[in-house]
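To convert, count from 1 in the sequence shown and add 375; that's the working numbering. Encoded as structure tokens, the structure appears first; notes follow it.
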Amino acid sequence: MFDTIESAIEDIKNGKMIIVVDDEDRENEGDFVMAADIVTAESINTMATLGRGLICTPLDRDLAIKFNLPLMLKQNDSAHHTAFTISIDHKDAGTGISCVDRAITIKALVREETLAEDFLRPGHIFPLIAKDGGVLERAGHTEASVDFCKLAGLNPVGVICEIMNDDGTMARVPQLKVLAKEKGFKLVSIEQLKEYLLSNPIKTKQSQMYLSETINFPTKYGKFQLSMFEDPIASDHHTVVHMGDLDSNEPVLVRIHSECLTGDVFGSSRCDCGDQLEQSMKEIARRGLGAIVYLRQEGRGIGLPNKIRAYALQDKGLDTFQANESLGLPRDSRNYKNAVNVLKILGVKNVELITNNPQKIAALEAAKFDIVNRHILKSQVNEFNHDYLLAKKNITKHNIDFIN
């Protein structure tokens, strides 16, 4: 059905466009993909006329920093968290919209001498910031295009455009196969690329997360410290509340806790988040050594507005995961990479993990932490959270100890 990844890399290297499809459980769409190094006005015209979608330029984080391209929004509520930056035109690109103008702007992104001030904002080109881990971290067209450019030995800037049918509907694999055959485009999938990269890895960059400040943080549970970590390009921040000498060989109690405004702050009975946070704070204070990594991943990563929308659907009978899917959102879009990074910065080596979630265990094990023990949190069941807890236990295999 599909061409080989090797043949697609060769076409990218030779300045050709390819078609890349993602998983049917994700967008289930195909994009034209090519390298910005070799883009032309003619190729932009082909994308615009055959693809009919939005022409974007995925790039890596370092170039986004170099060109001062902040995220368009700090709170990203889109279904797949596509990392749009502010849009741009090059200062020499006329009105910015013609195929020639857009090619000028895109080519400027790969020239070493280009400066941030050479771009006007907003404009007609839409940069997207790819995840450092490529499709192995996020299985999107953004990451696929940058991965293909790297594999072809080119600058990490791609050009992509969604492909629509003549009637304006999204082209799926059967239509994409016809288009690829008629026009001579290689057709590959992101799943193929992921498999290829497992055997032919691209060296990934280190996180830009840094420790910006540590303060004394007395609480009703005990005297902690609070450390703030920031990522300059993602305009992101995460907090660690900790106690004791983390940079030692002693096992450190660790709770990785995703932000929950409704549960942590307002004491919502619809979840067990607030109770879990309180149990963890008390246990760390009792032990005198531990850390709570508080991640900005409200609503399992979908953000507060979407979380409230999902609650509304749960009120109509859907479970927590069905509600997300009905909104076109993943069941769980959390990522524990930032937790791994901040724990390493703090010097944590051996971990006693406070969690009911097997994904958190897998994330720390993959990062080579020594998990010497696991503490299961007890969940107080009530009429409002019973179905939520049961869904987590049955669907995502949380190890939940119910208390009636």
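Where a beta carbon is used, it is the ideal one built from N, C-alpha and C, also for glycine.
Open item on the list: My parser needs the alpha helix (DSSP H) runs of 4 or more residues fully inside the stretch 667-713; what are they?
Closed with: Whole alpha helix (DSSP H) segments, 4+ residues: 679-689, 695-701.
TODO: Sort out for me which residues DSSP pairs Lys525 with in a bridge.
DONE: The residue you call residue 525 lines up with position 150 of the sequence shown. According to DSSP, which records beta bridges pairwise, Lys525 is partnered with nothing at all.
Open item on the list: Out of Gln550, Asn540, Cys431, which one is the CA nearest neighbour of Met376?
Closed with: Sequence index remark: in the sequence shown, residue 376 carries index 1 (1-based). Here the closest residue by C-alpha is Gln550.
TODO: At 4 residues or longer, and completely inside the stretch 390-467: list those alpha helix (DSSP H) runs for me, N to C.
DONE: You should have 416-421, 436-441.
TODO: Following the continuous alpha helix (DSSP H) through Lys724, name the residue where it begins and the one where it ends.
DONE: Working through the sequence shown from its first residue, we reach residue 724 at position 349. For Lys724, there is no enclosing alpha helix (DSSP H), since its DSSP letter is neither H nor E.
- [ ] Using the Cα positions of Lys712 and Gly509, report the straight-line distance between them to the nearest angstrom.
- [x] Position 337 of the sequence shown holds residue 712. Position 134 of the sequence shown holds residue 509. Rounded to the nearest whole angstrom, the CA to CA distance from Lys712 to Gly509 is 13 Å.
TODO: Name the two residues that bound the continuous beta strand (DSSP E) containing Val747.
DONE: For the purposes of this step, residue 747 is taken as the residue at position 372 of the sequence shown. Counting along the chain, the beta strand (DSSP E) containing Val747 begins and ends at 745-750.
- [ ] Measure the alpha-carbon distance for His612 versus Leu601 and round it to whole angstroms.
- [x] As a first step, residue 612 is located in the sequence shown; it is residue number 237 there, counting from the start. As a first step, residue 601 is located in the sequence shown; it is residue number 226 there, counting from the start. For the pair His612 and Leu601, the Cα-to-Cα distance works out to about 13 Å.
Task: Beta-carbon separation (whole angstroms), Glu634 vs Glu673, contact threshold 8 Å - done: Reading the sequence shown from its first residue, position 259 is the one you call residue 634. Reading the sequence shown from its first residue, position 298 is the one you call residue 673. With a contact defined as Cβ atoms closer than 8 Å, Glu634 and Glu673 qualify at about 5 Å.
Open item on the list: Output needed for Asp386: all residues of its chain with C-beta closer than 7 Å, excluding positions within five of it in sequence on either side, in chain order.
Closed with: For the purposes of this step, residue 386 is identified with residue 11 of the sequence shown, where counting begins at 1. Ile393, Lys561, listed in sequence order.
Task: Glu740: first and last residue of the uninterrupted alpha helix (DSSP H) it sits in - done: For this step, residue 740 is matched to residue 365 along the sequence shown. Where Glu740 is concerned, the enclosing alpha helix (DSSP H) stretches over 733-741.
TODO: Could you tell me which of Cys524, Glu487, His499, Glu570 sits nearest to Ala505, measuring between CA atoms?
DONE: On the sequence shown, residue 505 is found 130 positions in, with the first residue counted as 1. Ala505 has its Cα closest to that of Cys524, out of Cys524, Glu487, His499, Glu570.
TODO: Please determine, among Asp412, Phe599, Leu679, Val616, the residue with the shortest C-alpha to C-alpha distance to Ala527.
DONE: One-based indexing of the sequence shown puts residue 527 at position 152. Looking at the Cα atoms, Asp412 is the closest of the given residues.
Task: Thr771 beta carbon less than 9 Å from that of Phe696 - done: Within the sequence shown, residue 696 is the residue found at index 321, counting from 1. Within the sequence shown, residue 771 is the residue found at index 396, counting from 1. In contact: Phe696 and Thr771 (Cβ atoms closer than 9 Å).
Open item on the list: Out of Leu529, Ile631, Val534, Tyr585, which one is the CA nearest neighbour of Ser418?
Closed with: Residue 418 sits at position 43 when you count from the first residue of the sequence shown. The option with the nearest alpha carbon to Ser418 is Val534.
- [ ] Taking 8 Å as the threshold, find out whether the stretch 420-427 comes into contact with the stretch 561-579 through three or more Cβ pairs.
- [x] Counting Cβ pairs under 8 Å, fewer than three are found: no touch.
- [ ] Mark Thr589 as exposed unless 16 or more other C-beta atoms lie within 10 angstroms of its C-beta, in which case mark it buried.
- [x] Here the question's residue 589 lines up with position 214 in the sequence shown. Under the 10 Å beta carbon count, Thr589 is surrounded by fewer than 16 other beta carbons and is classified as exposed.
TODO: May I ask you to report which of helix, strand or coil DSSP gives Pro626?
DONE: Here the question's residue 626 lines up with position 251 in the sequence shown. Coil at Pro626, not helix or strand.
Task: Integer Cβ distance of Cys531 from Asp435, believed to fall under 8 Å - done: Translated into positions along the sequence shown, residue 531 becomes position 156. Translated into positions along the sequence shown, residue 435 becomes position 60. Position check: residue 531 holds Pro in this sequence, whereas Cys was assumed. Yes, they are in contact, since the Cβ atoms of Pro531 and Asp435 sit about 4 Å apart, within 8 Å.
Task: Distance, Asn420 Cα to Ser382 Cα - done: Walking along the sequence shown from the start, residue 382 turns up at place 7. Walking along the sequence shown from the start, residue 420 turns up at place 45. If I take the Cα positions, the gap works out to 24 Å.
Open item on the list: Based on DSSP bridge pairs, tell me the residues matched to Gly533.
Closed with: Start at 1 with the first residue of the sequence shown, and residue 533 comes out as number 158. Beta-bridge pairing links Gly533 to Ala410.
Task: Glu605 versus Tyr669, Leu572, Pro705, residue with shortest Cα-Cα distance - done: Position 230 of the sequence shown holds residue 605. Closest in alpha carbon position to Glu605, among Tyr669, Leu572, Pro705, is Tyr669.
Open item on the list: By the DSSP assignment, the beta strand (DSSP E) with Val553 in it spans what residues?
Closed with: On the sequence shown, position 178 is the one that residue 553 refers to. Element bounds for Val553: not the beta strand (DSSP E) but the alpha helix (DSSP H), 548-558.
TODO: Counting only runs of 3+ residues fully inside the stretch 579-660, write out the beta strand (DSSP E) ranges in chain order.
DONE: Entirely contained in the stretch 579-660, the beta strand (DSSP E) runs reaching 3 residues are, in chain order, 585-593, 598-606, 611-618, 627-633.
Task: Residue environment, Leu728, which counts as buried when at least 16 other CB atoms sit within 10 Å - done: Translated into positions along the sequence shown, residue 728 becomes position 353. Buried, since its Cβ has 16 or more Cβ neighbours within 10 Å.
Task: Candidates Ile667, Ala468, Lys682: closest to Asp476 by CA position - done: Position 101 of the sequence shown, counted from the start, is the residue given in the question as residue 476. Nearest to Asp476 by C-alpha distance, out of Ile667, Ala468, Lys682, is Ala468.
Task: Bridge partners - Pro502, DSSP secondary structure assignment - done: Taking the sequence shown and counting its residues from 1, one reaches residue 502 at position 127. Answer is Thr432, bridged to Pro502.
Open item on the list: Here's the rule I'm using: 16 or more other beta-carbon atoms within 10 Å means buried, otherwise exposed. How should Val723 be labelled?
Closed with: As a position in the sequence shown, residue 723 is number 348, starting the count at 1. Buried.
Open item on the list: Judging by CA-CA distance, which residue of Ala458, Leu429, Ile430 is the nearest neighbour of Ala439?
Closed with: The sequence position of residue 439 within the sequence shown is 64, counting from 1. The option with the nearest alpha carbon to Ala439 is Ala458.
Open item on the list: So for Ile380, helix, strand or coil by DSSP?
Closed with: For the purposes of this step, residue 380 is identified with residue 5 of the sequence shown, where counting begins at 1. DSSP places Ile380 within a helical segment (H, G or I) once states are collapsed to three.
Open item on the list: The beta strand (DSSP E) that contains Lys753, what's its start and end?
Closed with: Within the sequence shown, the letter at position 378 stands for residue 753. That run of the beta strand (DSSP E) goes 753-755.
Open item on the list: Tell me the DSSP secondary structure of Lys772 in three-state form.
Closed with: For the purposes of this step, residue 772 is taken as residue 397 along the sequence shown, with counting starting at 1. Note: Lys772 maps to coil in three-state DSSP.
Open item on the list: For a quick check, are the C-beta atoms of Ile538 and Gly405 less than 9 Å apart?
Closed with: Taking the sequence shown and counting its residues from 1, one reaches residue 538 at position 163. Taking the sequence shown and counting its residues from 1, one reaches residue 405 at position 30. Against a cut-off of 9 Å, the Cβ pair of Gly405 and Ile538 comes out as a contact.
Open item on the list: Beta-carbon within less than 7 Å of Phe592's beta-carbon, same chain only, minus the 5 sequence neighbours each way: which residues are those?
Closed with: Here residue 592 is taken as the residue at index 217 of the sequence shown, counted from 1. So the qualifying residues of the chain are Phe599, Gln600, Leu601, Val616.
- [ ] Look up Ser564 in the DSSP assignment and say whether it is helix, strand or coil.
- [x] In the sequence shown, the residue the question calls residue 564 occupies position 189. For Ser564, the secondary structure class from DSSP, reduced to helix, strand or coil, is strand.
Task: Cβ-Cβ distance between Ile463 and Arg496 below 9 Å - done: What you label residue 463 is simply residue 88 of the sequence shown in a count that begins at 1. What you label residue 496 is simply residue 121 of the sequence shown in a count that begins at 1. In contact: Ile463 and Arg496 (Cβ atoms closer than 9 Å).
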